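A.B. asks: Chains Z and P supply the protein sequences, listed in that same order. Here the first sequence stands for residues 296 to 509, where the numbers follow my numbering. Here the second sequence stands for residues 296 to 509, where the numbers follow my numbering.
2 protein chains.
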Amino acid sequence: MTQIKVVKNILDANNRIAIENRKLFDEKNIFVINLMSSPGAGKTSFLMKTIPELKKKYKVGVIEGDIQNTYDAEQISKLNVPVVQINTGGACHIDGNMVKEALPDLPLDEIDILIVENVGNLVCPAEFNIGEDLKIMMLSVTEGDDKPLKYPLMFHVSNAMIINKIDLLPYIDFNMEKAINDALKINQKLSIFKVSCKTGEGLSDFINWLYEKI
Amino acid sequence: MTQIKVVKNILDANNRIAIENRKLFDEKNIFVINLMSSPGAGKTSFLMKTIPELKKKYKVGVIEGDIQNTYDAEQISKLNVPVVQINTGGACHIDGNMVKEALPDLPLDEIDILIVENVGNLVCPAEFNIGEDLKIMMLSVTEGDDKPLKYPLMFHVSNAMIINKIDLLPYIDFNMEKAINDALKINQKLSIFKVSCKTGEGLSDFINWLYEKI
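1) Going by C-alpha to C-alpha distance, which of P334/Z, N424/Z, N470/Z and Y353/Z sits closest to D307/Z?
2) Reducing DSSP to helix, strand and coil, say where A397/Z ends up.
3) Report the residue ranges of all alpha helix (DSSP H) runs contained in full by the segment 378–428 of chain Z; include only those spanning at least 4 residues, in chain order.
4) Looking at chain Z, which residues of the segment 429–448 of chain P have a Cβ within less than 8 Å of any of its Cβ atoms?
5) Looking at the unbroken alpha helix (DSSP H) that takes in E348/Z, where does it start and where does it end?
6) Could you spell out the range, first to last residue, of the beta strand (DSSP E) harbouring D361/P?
7) Output the distance between the C-alpha atoms of F501/Z and D404/P, rounded to the nearest integer angstrom.
8) Taking 7 Å as the limit between beta carbons, can you name the residues of its chain near G385/P, skipping five residues before and five after?
9) Quick one: what's got a C-beta closer than 6 Å to I309/P's C-beta in the same chain, skipping five residues either side?
10) Measuring alpha carbon to alpha carbon, tell me which of P420/Z, R311/Z, V418/Z and I487/Z ends up nearest I458/Z.
11) Excluding the five sequence neighbours on either side, which residues of its own chain have a C-beta within less than 8 Å of the C-beta of L401/Z, listed in chain order?
12) I362/P versus chain Z: which residues are under 8 Å apart at the beta carbon?
13) To the nearest angstrom, how far is the alpha carbon of E322/P from that of K473/P?
14) Give the secondary structure of K460/P by DSSP, where H, G and I count as helix, E and B as strand, and everything else as coil.
15) With distances taken Cα to Cα, identify the nearest neighbour of L505/Z among N476/Z, M449/Z and D428/Z.
16) Answer yes or no: do D440/P and N413/P have a C-beta to C-beta separation smaller than 8 Å?
17) Round the Cβ separation of K344/P and D407/P to the nearest angstrom and send it over; I've been treating them as touching at under 8 Å.
18) Provide the residue(s) that pair with S435/Z in DSSP beta bridges, ordered along the chain.
19) Can you tell me the Cα-Cα spacing of S453/P and S332/P, whole angstroms?
20) So the alpha helix (DSSP H) S372/Z belongs to, where does it begin and stop?
21) Return helix, strand or coil for L485/P, following the three-state DSSP convention.
22) Leaving aside the five residues before and after F320/P along the sequence, list all residues of the same chain whose C-beta is less than 7 Å from its C-beta, in chain order.
23) May I ask which residues mark the beginning and end of the alpha helix (DSSP H) holding F450/Z?
24) For the beta strand (DSSP E) that S499/P lies in, which residues bound it at each end?
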């Protein structure tokens, strides 16, 4: 019982910090996206393809969350956008406080859209608000069509599901209809996009949707 | 600081329970495998292919770990082996106590090899011992060759890395040499197997290795 109480306290404390972050984002007029997925679903590839488009209309900044190292941040920095690396040092998700601590290292007055690439994990990141406007989750088709029912919280809390790697559909068993129907059963408000970050297919639909949200 | 202390206490308590599990496994002469990976790397498909082989020499039992539902356990039960489902109810890993609680529901006197399929997560399961003989992790090639350096603990604690979905190599960018070299830098004792659970390629090498370990 003690253990459960501690977890609840951590989540309460996190929500208080997320609300503080939210206030700052509102003051600075920054739209914040929390991007989540399993390891290797394609979050960084997605940013490498979409940020050049977003940059045509908005000033973009990125917080990269990784357990250790700066590989993804190095990739993103090639796009000439401000990027800060959070190394969680073992922790399996980004929480509100990690974002709060990273913000002073970003030029907030020069950012319209801040994208937080979370640690690759289909479970824990879903539990932690960071003060974001949108939670966007990616599911790669190679992970299988059973993921919505097996990891429901992630699908429940997200505003959009981006189904990635559709270029691989001819080579795998993935029932698109089942994946989409199961996800919508968990969250009927989920916006769904089928994309290939390799070929670029479907990304413009997502970008148009995002522009409406901003 | 309080938060860190709590986590340490949880891990200490877990290790005590893992040692208790270990004693029971020794008494019953059961060889225990903790099977871990990202969501959708192919753990259940791997068991569906390997258990029929293992059954020729050993009596096999399975503990299925999932956040909720029993889909994978239903699959495994088709192999006519005893299987128990642990539903973690949101938790992102299997710990020693969950295994302890599941054991009374298994016919331990009739099991030589117990396989625990962990929750799909490349981070947290690596932190929790369950009293196992071997930790085996799967990496699917579709997750990318950067995973060892980005999620090092999982590679560090595992005895074997099974690289799955090699049938998809012609269609993706995956540098096998880099993935293997990076994994060996983290853990030079790691045994490595390249397999396709779809075609069955490479599985016999793994099974022969496992027989030597048992």
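We put the CB at the ideal spot given by N, CA and C, even for glycine. Here the structure is a predicted model, which means the values were calculated and not measured.
C.D. replies: According to the structure shown:
1) For D307/Z, the nearest C-alpha among the options comes from N424/Z.
2) Correct three-state label for A397/Z: helix.
3) 391–397
4) S435, T437, E438, G439, D441, K442, L444, K445, Y446, P447 and L448
5) K338 to L349
6) First-last of the beta strand (DSSP E) with D361/P: V355 to D361.
7) 55 Å
8) I362
9) The question names Ile, but residue 309/P is Asn in the sequence shown. If we look at N309/P and ignore the five residues flanking it on each side, its Cβ neighbours are D390, G391 and F423.
10) Looking at the Cα atoms, I487/Z is the closest of the given residues.
11) G356, I358, P377, V379 and L409
12) In chain order: V418, K445, Y446, P447 and L448.
13) 42 Å
14) coil
15) D428/Z
16) In this structure, N413/P does not lie closer than 8 Å to D440/P by Cβ.
17) At roughly 19 Å, the Cβ-Cβ gap does not stay under 8 Å, so K344/P and D407/P are not in contact.
18) N459/Z
19) 11 Å
20) That run of the alpha helix (DSSP H) goes Y366 to S372.
21) In the structure shown, L485/P sits in coil (DSSP, three-state: anything other than H, G, I, E or B).
22) V327 and G426
23) Element bounds for F450/Z: P447 to V452.
24) Segment L498 to K508 is the alpha helix (DSSP H) holding S499/P; no beta strand (DSSP E) there.
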